[in-house]
Each structure stands twice: as structure tokens, then as C-alpha cells.
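I have placed the structure first, in the form of C-alpha cells, so that the comments after it can refer back to it.
In this note's numbering, the protein residues as written are 3 to 195.
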């Protein structure tokens, strides 16, 4: 989508014209087309399918982007016995009424996997999720803590963080980890005074 937008602008926007004409952009297009043609699934999708096999488990999957949410929901519903629904913000088409309805359906076991963007990270009362899956790490300690806080409110829960080796995922994980450690150290030191 972003590539098509840049290509469209290349006739009118000077910067886009330079980008489209660059050797790096041409390599990117070739790589992108090869990936599309090979139609290999993202390794994280394969891992998610392994983790959501039991339709009795209540699971929340957190993803940064709406297209990731939609792809995960689609794969789960096509390839497992679990039932998944997307939960995204109001800007992307879900009214507050629809959001409330989806959460109620999740509570009532009408489906067992809630796949959500950051809209689900804070302020929502989702008490019955046993498993949390983070599709990608986020570089914010606060968001990581908030995501974990949605899991295991009634029973002890499990959290899985999917990290691709040698990608930005690793950097985001460690940034968040160190920020969180620093927050806990500050709180611990403050309590000692």
C-alpha cells in the first residue's frame, strides 16, 4: 500500500520521484514481489496457530497494526478450531457500541481469541483471558506492562512475546525491558526513603 502510494506520487512529488528511481527502491520492489509470489506465511503466524489450538482457552493477541490484526483473525478462523474476532479503535471503523458488543461476546465465550490493537491495552475490563500473545514487542515499558495486565486477572495466566531474530523486534524488546527495569528500580529506591 505504501509502495503504491509512493509510486503514484512519483509523477508529482520530487522526493517520491527520487525514491522510486533509486536502486534500493528497485531492490525493495523485487524483494517484495518475490515474497508475495512465494506466498510464505509469516513465521509468527505459524507460531500463533500453534498457541491457539485449544478453543477452550481465552486468549488476547496484541498487535501493533490493523492489517496484522486482520491477518491473524483470518488465519485463526480458517486454520484452527478457535474462533477469533478483531478489536480495533474507533478511528478504524468500530463504534464504541460495537466495541462493547465484541467484549461482551468475548466474556460470554461466543469466541475465544480477541485480536486487538493498542486500543485494548488500557482502560478495558477484560478479566477472563488466560493467555496473552504479543505479536511484536513494543519499545514502551508502560505499554508492555499494560498488555501483561490484561492477562491472568482471575487465574494465573501465560504471556508469549513473539520476537523475530535479527530484526527490530529484538531492539524493541530490549528497550522496553531496560525501561521497565529502570522504572522498578526507581520505585524500589523511592520506597527505601
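All C-beta atoms, glycine included, are put in the ideal place defined by N, C-alpha and C.
Coarse secondary structure for residue 117, derived from DSSP in three states:
Reduced to three states, the DSSP call for residue 117 is strand.
Identify whether residue 23 lies in helix, strand or coil by the three-state DSSP scheme.
Helix at residue 23.
Tell me, which residues are paired with residue 161 by DSSP?
As DSSP reads the structure, residue 161 sits in a beta bridge with 134.
Quick check on DSSP: helix, strand or coil for residue 88?
Residue state, collapsed to three classes: strand.
Taking Cβ to Cβ, would you say residue 54 is nearer than 9 Å to residue 118?
No.
Would you call the CB atoms of residue 120 and residue 146 closer than 9 Å?
9 Å or more divides the Cβ of residue 120 from the Cβ of residue 146.
Does DSSP put residue 64 in a helix, in a strand, or in coil?
Look at residue 64 here: in three-state DSSP terms it is strand.
By Cβ distance, which residues of its chain are closer than 7 Å to residue 172, with the 5 residues on each side in sequence left out?
Spatial neighbours of residue 172 in its own chain (CB-CB distance under 7 Å, excluding positions within 5 residues in sequence) are listed in chain order as 165.
Given 8 Å, three or more beta-carbon pairs between the segment 103-111 and the segment 137-144:
Output reads no: the segment 137-144 does not touch the segment 103-111.
Is there contact here, the segment 80-89 with the segment 56-68, by at least three beta-carbon pairs under 8 Å?
Yes, since at least three Cβ pairs between the segment 80-89 and the segment 56-68 fall closer than 8 Å, the two stretches touch.
Span of the alpha helix (DSSP H) holding residue 187?
Per DSSP, residue 187 belongs to the alpha helix (DSSP H) from 170-193.
Mind checking whether residue 77 and residue 47 have CB atoms under 9 Å apart?
Yes; because the gap between Cβ atoms is below 9 Å, this pair is in contact.
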